[in-house]
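Trainee: Quick one: the structure is below, questions incoming.
Next up, the structure:
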């Protein structure tokens, strides 16, 4: 279906919304609309601005494979069910700040050509695989309840997680970045996995707040210690139960970080890491006590 005129559903309750493969040539406005049904927009093209600010989605939200040729506004949105933007393209700014996503949001295979901002939003979980953020990316002050996963993701400009609450699990797998990833003032998750990342500048976790449940367990695979700065009073090196690393490989992880902490002359962090290293050796020798 092709819509040649502007579409205006501001403040309206909507009980049926099926726009599969539609084309909107003019502005689309769903400001403060109450969408009670599944919002079906797969393979849809928005040639002009689309405004879903303050929309209330009561059911699943499907924008798979959609194309946004101008700015897309999803600020102050409430979504109670799963939200899917996989395979979408954002050619203008993508605005998602101060929104609430009570179920998983899928941002996989998405091409963000301009800036993407999620500041202050609440997420149950975020899954982002094989996506490209070409502009600035802001996750400042987001709150994640469960997991935040970035896999095979490229950040071309600065990305910020300042003051974010990172939930239970943070996974950075094969992340590539040409700029710094900032976590200033972020609250550490329960567990963190950093694997096979290619970073131009190190990730600085030194200025983070402690995990409220204790130390953040961090699993490191094919990661250069120079790429990750951690205070080991807040972190504990951890190995996944199904990891394929042998004893010597696991020991090398400790050895590399011990050398780095000595080089950086961080006495308190080094002392905490030495304690972890001793505990690791005791566990490996069956002397854990």
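Numbering (the working numbering), first residue to last: 776 to 1064.
Where is the CB? At the ideal position from N, CA and C, for every residue including glycine.
Note that the structure is a prediction, hence the values are computed from the model and not measured.
(1) To the nearest angstrom, how far is it from the Cα of residue 731 to the Cα of residue 825?
(2) Looking only at C-alpha atoms, which of 880, 1004, 961 and 929 sits nearest to residue 973?
(3) Three-state secondary structure (DSSP) at residue 1006?
(4) Count the C-beta pairs between the segment 1017-1026 and the segment 1041-1050 that are closer than 8 Å, then say yes if the count reaches three, no if not.
(5) In whole angstroms, what is the alpha-carbon distance linking residue 1001 and residue 836?
(6) Using the rule of at least 16 other Cβ atoms within 10 Å of the residue's Cβ for burial, across every protein chain shown, is residue 862 buried or exposed?
(7) From 943, 949 and 981, pick the residue whose C-alpha is nearest to that of residue 960; which is it?
(8) CB-CB under 7 Å to residue 938, same chain, minus the five flanking residues each way: which ones, in chain order?
(9) Which value, in whole angstroms, describes the spacing of the CA atoms of residue 978 and residue 796?
(10) What is the DSSP secondary structure of residue 994, counted as helix, strand or coil?
(11) In angstroms with no decimal places, state the Cα-to-Cα distance between residue 810 and residue 790.
(12) DSSP three-state label for residue 916, please.
(13) With respect to the alpha helix (DSSP H) encompassing residue 899, which residues constitute its N-terminal and C-terminal limits?
(14) So which of 1023, 890, 1022 and 1048 has the shortest CA-CA distance to residue 1033?
(15) If you draw a straight line from the alpha carbon of residue 886 to that of residue 798, how long is it in whole angstroms?
(16) Taking its Cβ as the centre, do 16 or more other Cβ atoms sit within 10 Å of residue 919, making it buried, or is it exposed?
(17) Can you look up residue 1000 in the DSSP assignment and give me helix, strand or coil?
Mentor: Let me lay it out:
(1) No information on residue 731 is available, as it lies outside the stretch 776 to 1064 that the chain covers here.
(2) 929
(3) coil
(4) no
(5) 41 Å
(6) buried
(7) 981
(8) 915, 916, 960 and 961
(9) 41 Å
(10) strand
(11) 6 Å
(12) coil
(13) Per DSSP, residue 899 belongs to no alpha helix (DSSP H); it is in the beta strand (DSSP E), 897-904.
(14) 1048
(15) 19 Å
(16) buried
(17) helix
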